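Engineer: Residue numbers for the sequence shown follow UniProt numbering, beginning at 1 and rising by one.
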Amino acid sequence: MTQKIADETDRRILKELLADARITNNELAERVGLSASPCLRRLRRLEETGVIRGYTALIDPAVEGWTMTAIATVRLSRQHEDEIVMFEQAIRGWDEVLECHLVTGSRDYVLKVMSAGLEQYERFIKEKIARLKCVASIETSFVMNTIKERRI
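In structure tokens form, the structure reads like this:
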């Protein structure tokens, strides 16, 4: 199996792309101490091996009217495959859910949910999550302030 990250130069390339994914290849090459062609070859290899899974834009949630972030924990009534599939399929279709993580402990899932406010969040809970027969309980904490947010 080919090693995905070959050396420190690959790590510097990734660090620069995390800071600015729109950087030109020439600027990237200069920052990591390579000429343009070897830098582009490394970049393509990192993409082809799946180290770099894609490029995206980070958009201000307020543009969508989302001003409130909630962290919801969900416990299923049973951990049977049909209920897990039902829950996960539903979650994938809801724009309000930015992240969904299957976790260990007393809860089954942790969700990061955005809404326009408390009324819209309540509607989301009542009209979507609570209607799933597989959901036993939901517990919510509201984000007061984001101290650190890092995407990799």
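Built from N, CA and C at the ideal position, the CB exists for glycine as well.
Since this is a predicted model, take the numbers as computed values, not measurements.
DSSP puts residue 68 in a beta bridge; with which residues?
Structural biologist: Numbered from 1 along the sequence shown, position 68 holds the residue referred to as residue 68. Note: residue 68 sits in a beta bridge opposite 115.
Engineer: Please work out which residues of its chain come closer than 8 angstroms, Cβ to Cβ, to residue 4, disregarding the five sequence neighbours upstream and downstream, and give them in chain order.
Structural biologist: Stepping through the sequence shown from its first residue, residue 4 is reached at position 4. Excluding sequence neighbours, residue 4 sits near 46, 49, 50, 51.
Engineer: Can you list the alpha helix (DSSP H) stretches of 4 or more residues lying completely in the UniProt domain "HTH asnC-type" (6 to 67), in chain order?
Structural biologist: Whole alpha helix (DSSP H) segments, 4+ residues: 8 to 19, 25 to 32, 36 to 48.
Engineer: Is the number of C-beta pairs between the stretch 65 to 72 and the stretch 114 to 130 that are closer than 8 angstroms three or more?
Structural biologist: Touching, yes.
Engineer: Sorted by chain position, which residues of the same chain lie with C-beta nearer than 6 angstroms to residue 91's C-beta, five sequence neighbours on each side aside?
Structural biologist: Position 91 of the sequence shown holds residue 91. If we look at residue 91 and ignore the five residues flanking it on each side, its Cβ neighbours are 97, 100.
Engineer: Assuming residue 110 contacts residue 73 under a Cβ cut-off of 8 angstroms, what Cβ separation, rounded to an integer in Å, is found between them?
Structural biologist: Working through the sequence shown from its first residue, we reach residue 110 at position 110. Working through the sequence shown from its first residue, we reach residue 73 at position 73. Correct: roughly 5 angstroms between the Cβ atoms.
Engineer: Quick check: what's the CA-CA separation for residue 155 versus residue 122?
Structural biologist: Nothing in the structure corresponds to residue 155, since the chain is present only between 1 and 152.
Engineer: Quick one, which of 40, 33, 15 has its alpha-carbon nearest residue 24's?
Structural biologist: In the sequence shown, the residue the question calls residue 24 occupies position 24. The residue with the shortest Cα to Cα distance from residue 24 is 40.
Engineer: Does the contact criterion of 3 or more C-beta pairs under 8 angstroms hold for the stretch 5 to 14 versus the stretch 137 to 145?
Structural biologist: No: fewer than three Cβ pairs fall under 8 angstroms.
Engineer: In the structure shown, what three-state DSSP assignment does residue 130 receive?
Structural biologist: Here residue 130 is taken as the residue at index 130 of the sequence shown, counted from 1. Here residue 130 sits in coil by DSSP.
Engineer: To the nearest angstrom, report how far apart residue 95 and residue 35 are at their CA atoms.
Structural biologist: The sequence position of residue 95 within the sequence shown is 95, counting from 1. The sequence position of residue 35 within the sequence shown is 35, counting from 1. Each residue's alpha carbon lies about 42 angstroms from the other.
Engineer: Relative to the alpha-carbon of residue 54, which residue among 63, 43, 93, 129 has its alpha-carbon at the smallest distance?
Structural biologist: To locate residue 54, count along the sequence shown from 1; it is residue 54. Nearest option by C-alpha distance: 43.
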